[in-house]
Structures are given as structure tokens and as C-alpha cells.
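S.K.: Going by the working numbering, the sequence shown opens with residue 4, and the numbers climb by one from there.
Cβ coordinates follow ideal geometry from the N, Cα and C atoms, glycine included.
Have a look at the structure that comes next, please.
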Amino acid sequence: RLVAWVISNWNEEHARVRYYRQLKEHLAIDVYGARGLALAEGGVVETVSAYKFYLAFENSQHTDYITEKLWRNAFAASAVPVVLGPRRANYERFIPADSFIHVDDFPSPRLLATYLKFLDKNKPNYRKYFAWRKKYEVHVTSFWDEHFCKVCEAVRTAGNQMKTVRNLAGWFE
């Protein structure tokens, strides 16, 4: 199987739905979730693992807005993510440049479809998207488990120290 997309929040106004509509004119895409097929019994990862590519299309294109669509739905399922979200450079701050395909790398959905079909027929070129796995591994966590533990640890470490931050955005930068 070639391309899968799992979507729960279908909104015709979102760039991802508009891009999907253009892409599907040139390429068969199996859609699961809100407007599509039912997921396999094992869930998203089991379903997506049967595909070469996964559309990791974010519902927002804001800086650093990279969600489970990339980490869990694509990487954990060993599918090459085709991303629509923040700019390529933003993704490259977190993941290797050769681990994903960005829609912005192509002037049109038609040319992206042509490239995915090319990779489908050319195993050595397709395999290049997995070379990074020799050096790195995917660590998918549950937000609640790991992050809450880190917050509790930070509070314990701080002891009785208190600090007020009046401008959180300014402090974060």
C-alpha cells in the first residue's frame, strides 16, 4: 500500500484538507477516521504500518506545531512522513532532514505525487528515508506520564524557592 492519512478533525477550510483534495487527483490515498475507513483493530500505528507513506498533515502551520501525526502515526509505524505544517527548517530542528518529505519541496501536489510514485518503484531511493534510524531511535511518550513526572521532579528540586514570571513568552525566548 502506498499512502495513508488518518484525520479526526475534518475541516474544509484547513490547508491540509485543501492540499489532500489536490493530491488525491494524482495519487490514491486511503483515508481513515472522520471521513474515511475504520482503523485496524490495533489502532493507528498498526494501520499505518501497512503503508509506505503517511500524510502527517497538521491542522495548523505554526512554528513548532508538530504533533503525534509525525512521531506516533508515521515514525512509530515505520512509514515515511509527508508533512504539511511549519516550514522544513522548523522540522529539521527536531528530526533529520532525510527522514521526511515536506510538501513545500514540490511546486505542486501533482509533482509530489509523481515523486511518491517514483519512490514506490525505486527501493534504494525509498530506503534513504530510513538511513537515519541507524543513528537515532524514536522515543514516543505519553504526555501525561513523562511530562507530569518532570514537573513533579522540578518542583521537588526547587524546594521552597519561588519565582514569579510576569511575561512567560518573554521568559521562554
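So, helix, strand or coil for G173, using DSSP?
M.R.: Taken through DSSP and simplified to helix, strand or coil, G173 comes out as helix.
S.K.: Helix, strand or coil: which one does DSSP assign to A53?
M.R.: coil
S.K.: DSSP puts G162 in a beta bridge; with which residues?
M.R.: Per DSSP, none; premise fails for G162.
S.K.: Measure the C-alpha to C-alpha separation of H142 and Y57 and round it to an integer number of angstroms.
M.R.: H142 and Y57 have their alpha carbons spaced roughly 18 Å apart.
S.K.: Taking 7 Å as the cut-off, decide whether the C-beta atoms of P112 and L5 are in contact.
M.R.: no
S.K.: Report the rounded CA-to-CA distance for L122 versus V168, giving the unit in angstroms.
M.R.: 50 Å
S.K.: Return the CA-CA distance between S11 and A157, expressed in angstroms with no decimal places.
M.R.: 35 Å
S.K.: Take H1 and list the residues in its own chain whose beta-carbon comes closer than 6 Å to its own, dropping the five residues that flank it on each side.
M.R.: The requested residue 1 does not occur in the structure, where the chain is confined to residues 4 to 176.
S.K.: Going by beta-carbon coordinates alone, are N76 and V34 separated by less than 7 Å?
M.R.: no
S.K.: According to DSSP, A59 sits in a beta bridge with which residue or residues?
M.R.: V86
S.K.: Here's the rule: buried if 16 or more other CB atoms are within 10 angstroms of the residue's CB, otherwise exposed. What is R19?
M.R.: buried
S.K.: Tell me the residue span of the alpha helix (DSSP H) that contains V20.
M.R.: Run containing V20: A18 to L26, per the alpha helix (DSSP H) assignment.
S.K.: Just to confirm the assignment, what range does the alpha helix (DSSP H) spanning W74 have?
M.R.: Per DSSP, W74 belongs to the alpha helix (DSSP H) from E71 to W74.
S.K.: Strictly by DSSP, which residues pair up with L2?
M.R.: With the chain running from 4 to 176 in the structure shown, residue 2 is simply not present.
S.K.: Measuring only the C-alpha atoms, how far is Y68 from E61?
M.R.: 8 Å
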